[in-house]
Amino acid sequence: MNTGDTSTTTGVISAPKDGPMRSPRRPGQTLACGWCGSAVLVPARGRTPKWCSSSCRHRAWELTRAAASGRAAVQVVDRVIEVDRLVTVVQKVAVNTSPKGGAWPATLVQLVTQVDSGRVYDRDLPALAQALQDVIAALERRPGWRRQPR
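Numbering (the numbering used here), first residue to last: 360 to 509.
Here is the structure:
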């Protein structure tokens, strides 16, 4: 027994960094007293209470002691405690990205292959042609760039 003025434990016990963290209990959750059945408020931290008062705890202790000597039966009370847990869900989401810098020629080669093999619908060709004309016009407007003949 520690009779000094100093405590042998620290005020905060931290969980290991790689270990599981304890989840907080739901606020306002109540349990039934193990002796009388009245509601007992569950605190957010600490031990889960079994009794609503010290008199119920003492009566339950008396019954347990009597049962140990064979004079009374013991009733087992099961309790359910709901705990909120944070669950991380990782999902793969397809994100359309546009090519950057030197990736454009390879992308345009893929477009040429798709058009040549017929994998682009005829209904999409006018919009594609307009987009390509816009690209050529943008290149011609760019200072210092000159179209090289083949």
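Don't be surprised by glycine CBs; every beta carbon is placed ideally from N, CA and C.
Just so we're clear, the structure is a prediction, and the values are computed from it rather than from any experiment.
Asked: Cβ shell of isoleucine 440 (< 8 angstroms), same chain only, five flanking positions each side left out; Found: Arg384, Gln388, Leu390, Val401, Thr407
Asked: DSSP bridge partner residues for valine 399 (one or two, in chain order); Found: Leu390
Asked: Beta-carbon contacts of serine 397 that lie in its chain and below 6 angstroms, excluding the five residues immediately before and after; Found: Cys411
Asked: Candidates Arg505, Gln492, Arg424, Gly393, of which the one nearest serine 413 by Cα; Found: Gly393
Asked: Residue(s) in a DSSP beta bridge with valine 442; Found: Arg384
Asked: Span separating the alpha-carbon of lysine 409 from that of alanine 453; Found: 51 angstroms
Asked: Test item: CB-CB of leucine 487 and valine 494 under 8 angstroms; Found: no
Asked: First and last residue of the uninterrupted alpha helix (DSSP H) at threonine 423; Found: 413-427
Asked: Same chain, Cβ closer than 6 angstroms to cysteine 395, neighbours up to 5 away in sequence not counted; Found: Cys415
Asked: Alpha-carbon to alpha-carbon, valine 442 and proline 386; Found: 10 angstroms
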